[in-house]
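Number of protein chains: 2
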Amino acid sequence: MNLRDLRYALAVAEHRHFGRAAELCNISQPTLSTQLRKLEEELGVVLFERTNKSVVPTMAGEALLAHARAAVESADAMLALAQASRDPLRGRLRLGIIPTLAPYLLPLVFGPLRDALPDLVIEPWEDVTTALLERLRTHELDAALLATDAEGPDLDTQPLFTEPFLAALPPEHLLASQDHVREEDLAPDILVLADGHCLRDQALAACGNPGLRAGALRASSLSTLLNMVAAGYGTTLIPGLAAGVARDAGIALRPLTHMTGRDIQLVSRTTFPRRAAIDAIATLIRTRLAPFADSAAHGEV
Amino acid sequence: MNLRDLRYALAVAEHRHFGRAAELCNISQPTLSTQLRKLEEELGVVLFERTNKSVVPTMAGEALLAHARAAVESADAMLALAQASRDPLRGRLRLGIIPTLAPYLLPLVFGPLRDALPDLVIEPWEDVTTALLERLRTHELDAALLATDAEGPDLDTQPLFTEPFLAALPPEHLLASQDHVREEDLAPDILVLADGHCLRDQALAACGNPGLRAGALRASSLSTLLNMVAAGYGTTLIPGLAAGVARDAGIALRPLTHMTGRDIQLVSRTTFPRRAAIDAIATLIRTRLAPFADSAAHGEV
DNA sequence: CCTGACGATAGACCACATATATCAGACAAC
DNA sequence: GTTGTCTGATATATGTGGTCTATCGTCAGG
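As you go down the protein sequences, you meet chains A and B in turn.
Residue 1 is where the first sequence starts when you use full-length UniProt numbering, and the numbers rise one by one after that.
Residue 1 is where the second sequence starts when you use full-length UniProt numbering, and the numbers rise one by one after that.
Structure follows, in structure tokens:
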């Protein structure tokens with residue numbers, strides 16, 4: 001059975017006239033007659049009682065045509081939705097973001113994104129890198145903002161910007177008297193995030209992977225970590241975009257001697273069909289973060 | 001767009017595997033790939049993200065496939081209904097019957113009809129001949145039981161049985177003393193039905209078309225007419241099947257000299273597709289009325 | 001009787017769905 | 001590495017079937 005034939009039958013039912021129905025369907029009258037007869041044969045039911053003067057649906061025909069109408073309407077709804085879905089810059093886009101980036105980056109780019117891509121509904125999802133990659137691979141996310149390289153031929157990585165790390169110190173800390181802080185000097189009393197956060201590994205690596213005290217703090221969020229530093233419990237290493245919040249908390253910030261930092265990437269599946277949306281987001285974030293990157297390069301965070 | 005392609009897409013969505021989906025659709029895998037790609041091109045939307053290892057619907061695809069599923073389900077419902085409607089002896093059949101026949105014939109045949117054609121739901125409709133023919137021509141009825149020939153090439157007439165007329169007399173009437181009554185003798189004080197009833201015309205014609213007294217009764221039903229005769233207001237001529245009721249009302253019945261009667265016909269549109277149902281009804285009524293016709297032929301009503 | 005309108009039918013043509021054969025990439029086993 | 005297997009994509013030939021034009025049969029109106 002064919003949707004086309006159903007449309008033909010519905011046209012006949014509506015106009016009760018083969019010629020006019022055929023014209024409306026953009027086919028010839030003989031074609032309409034033939035196709036309708038074939039449909040009736042396939043169904044085993046006569047849909048219309050016809051004479052030279054009249055075309056009237058049978059009782060069974062009325063009932064069957066009601067279903068045909070439902071089928072055609074569903075198909076039309078599908079076409080209409082397809083029309084609306086054609087634009088890759090339209091519709092939902094589920095974007096994963098690591099927790100040490102989301103609270104500081106989103107306020108900078110969410111408004112501009114909405115302005116530039118008004119039909120793109122970005123749905124942020126905050127989680128650690130491994131969880132985001134897992135969700136990306138299972139199609140529960142469409143893209144993710146990470147601070148690590150994503151391996152594998154199934155994933156596509158777009159570099160967005162480099163975010164420098166900063167030493168975060170209690171104001172009264174010895175190192176706070178220096179203009180620059182050597183990464184290794186943070187090691188003795190460094191506080192870090194819980195397992196799974198990429199920032200934890202990167203911070204430790206920058207300081208030469210010191211052994212941590214047993215039972216040392218494993219902060220569940222960067223916010224907690226900052227409060228601990230502000231309270232004087234130790235030092236840490238924070239991403240540049242968190243500088244504002246850290247300063248407001250009364251923390252002393254110093255650039256690092258080796259200018260270590262992390263590269264923020266937009267990762268997506270290579271097969272994801274709405275590449276245009278990914279590219280648009282990447283471009284906008286790059287543009288938006290360019291001034292920050294410049295100033296960071298000069299240590300003016 | 002084609003229902004077939006929608007089924008293909010739904011099979012892929014369900015199995016997330018081209019090969020197995022193709023097998024289920026009884027087509028080859030290349031065909032499925034090609035058709036799905038064409039569907040996506042037609043819609044302008046990628047329905048599935050595919051790699052060598054996985055096939056996953058896109059978000060837009062999920063939404064579109066929901067509509068596709070609705071369309072396919074409607075089409076399947078149509079096919080199922082067609083299957084059920086295939087039997088012409090199944091379903092509703094709107095049967096018109098003239099008022100001077102319905103009350104006496106229906107009790108004889110309705111039960112047997114239900115037994116013989118259990119899936120045929122006969123919907124009786126009582127009205128005078130012209131109204132029934134009008135409804136027949138406008139497809140508001142499928143068939144009609146009439147006592148007159150229906151003209152026109154659009155109508156088909158099946159004779160069922162001949163119903164003899166009987167003289168109906170008050171018991172004390174002069175003619176009641178005779179074994180047979182001559183039709184013309186009923187003329188002087190004959191009572192008839194209202195305009196439109198074929199029995200009125202036939203009764204008057206049988207009696208030689210006598211002029212009626214001004215303001216004479218024009219009974220709205222045969223039942224009323226019988227009560228008037230029973231009350232001694234005059235004579236009339238009744239159809240044979242009403243004999244029982246008339247006798248119960250205390251009316252004297254006598255066969256007529258010229259054996260006048262009326263031919264009961266089953267009329268339907270020549271184009272009506274469920275001819276088998278019409279024929280089955282006609283056959284059953286003929287069979288059921290055969291004993292009556294025999295006895296009537298011998299005047300043993 | 002002729003004319004016009006309508007749906008049905010016949011025959012030719014062409015598009016398109018289909019199958020077979022093959023390719024290209026990814027992954028696992030050895 | 002190398003090979004084998006599985007995946008979906010692609011190429012090409014083929015046959016079904018939807019479409020057209022031309023024509024018929026029927027009925028109603030002038």
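The C-beta atom is built at its ideal place from N, Cα and C for all residues, glycine as well.
Residue i, buried or exposed, once every other Cβ within 10 Å from all chains shown has been counted against 16
i, result
"Ala143 of chain B", "buried"
"Thr100 of chain B", "buried"
"Val121 of chain B", "exposed"
"Leu141 of chain B", "buried"
"residue 313 of chain B", "Within the shown structure, residues of chain B are numbered from 1 to 301, placing residue 313 of chain B beyond reach of any answer."
"Gln202 of chain A", "buried"
"Gly240 of chain A", "buried"
"Ala297 of chain A", "Since pLDDT at Ala297 of chain A reaches only 49, below the 50 mark, its modelled position is unreliable, and no value is offered."
"Gln35 of chain A", "buried"
"Ser220 of chain A", "exposed"
"Thr235 of chain B", "buried"
"Ile190 of chain A", "buried"
"Ala82 of chain A", "buried"
Contact belief for residue i with residue j at Cβ below 8 Å, rounded distance in angstroms
i, j, result
"Val46 of chain A", "Thr58 of chain A", "6 Å"
"Ile264 of chain B", "Val229 of chain B", "23 Å between Cβ atoms; not a contact."
"Val267 of chain B", "Ala131 of chain B", "Contact doesn't hold; Cβ gap of about 13 Å is too wide."
"residue 302 of chain A", "Arg269 of chain A", "Here chain A comprises residues numbered 1 to 301, so residue 302 of chain A is not present and cannot be evaluated."
is_contact[residue i, chain A] using C-beta, thresh 8 Å
i, result
"Thr235 of chain B", "no"
"Ala75 of chain B", "yes"
"Pro273 of chain B", "yes"
"Ala71 of chain B", "yes"
"Leu3 of chain B", "yes"
"Ala63 of chain B", "yes"
"Glu134 of chain B", "no"
"Val46 of chain B", "yes"
"Glu49 of chain B", "yes"
"Arg218 of chain B", "no"
is_contact[residue i, chain B] using C-beta, thresh 8 Å
i, result
"Ser85 of chain A", "yes"
"Thr58 of chain A", "yes"
"Pro171 of chain A", "no"
"Asp119 of chain A", "no"
"Leu79 of chain A", "yes"
"His67 of chain A", "yes"
"Glu41 of chain A", "no"
"Arg7 of chain A", "no"
"His15 of chain A", "no"
"Glu123 of chain A", "no"
"Arg262 of chain A", "no"
Through-space distance from residue j to residue i, alpha-carbon basis
i, j, result
"Thr224 of chain B", "Leu106 of chain B", "19 Å"
"Ala243 of chain B", "Leu89 of chain B", "32 Å"
"Leu79 of chain B", "Leu3 of chain A", "13 Å"
"Leu10 of chain A", "Pro164 of chain B", "49 Å"
"Gly261 of chain A", "Leu166 of chain A", "8 Å"
"Ala194 of chain B", "His15 of chain A", "40 Å"
"Leu226 of chain B", "Gly152 of chain B", "34 Å"
"Ile97 of chain B", "Pro103 of chain B", "9 Å"
"Thr257 of chain A", "Gln178 of chain A", "11 Å"
"Ala246 of chain A", "Ala276 of chain A", "36 Å"
"Gly299 of chain A", "Val181 of chain A", "A caution first: Gly299 of chain A carries a pLDDT of 47, below 50, which makes its placement in the model unreliable, though a value can still be read off. Each residue's alpha carbon lies about 12 Å from the other."
"Gly208 of chain B", "Leu186 of chain B", "10 Å"
"Ile281 of chain A", "Leu199 of chain A", "23 Å"
"Thr157 of chain A", "Asp279 of chain A", "11 Å"
"Asp127 of chain B", "Leu237 of chain B", "20 Å"
"Cys25 of chain B", "Arg7 of chain B", "8 Å"
"Pro291 of chain B", "Glu172 of chain B", "31 Å"
"Leu43 of chain A", "Ala77 of chain A", "25 Å"
"Trp125 of chain B", "Lys38 of chain B", "54 Å"
"Val301 of chain A", "Thr148 of chain A", "Only weak support exists for where Val301 of chain A lies, its pLDDT of 46 falling under 50; the value from the coordinates is given anyway. Their Cα atoms are separated by approximately 22 Å."
"Ala66 of chain A", "Val55 of chain B", "35 Å"
"Ala205 of chain B", "Glu184 of chain B", "10 Å"
"Arg69 of chain A", "Ala21 of chain A", "15 Å"
Closer than 7 Å: residue i CB and nearest the ligand NAD heavy atom
i, result
"Pro103 of chain A", "The ligand NAD is not part of the structure shown, which contains no ligands of any sort."
*Can you list, in chain order, the residues of the segment 141-158 of chain B whose Cβ is nearer than 9 Å to any Cβ on chain A?*
Asp142, Asp154
*the segment 17-36 of chain B: which residues have C-beta closer than 7 Å to a C-beta of chain A, in chain order?*
none
_Residues within the segment 246-258 of chain A neighbouring chain B, beta-carbon criterion of under 8 Å_ = none
*Mind listing which residues of the segment 82-116 of chain A have their C-beta closer than 7 Å to chain B's C-betas, in chain order?*
Ala82, Ser85, Arg86, Gly91, Arg92
*Which residues, in chain order, does the segment 176-199 of chain B contribute to contact with chain A at a C-beta distance below 7 Å?*
none
*Just by C-beta distance, which residues in the segment 265-289 of chain A are closer than 9 Å to chain B?*
Arg269, Thr270, Thr271, Phe272, Pro273, Arg274
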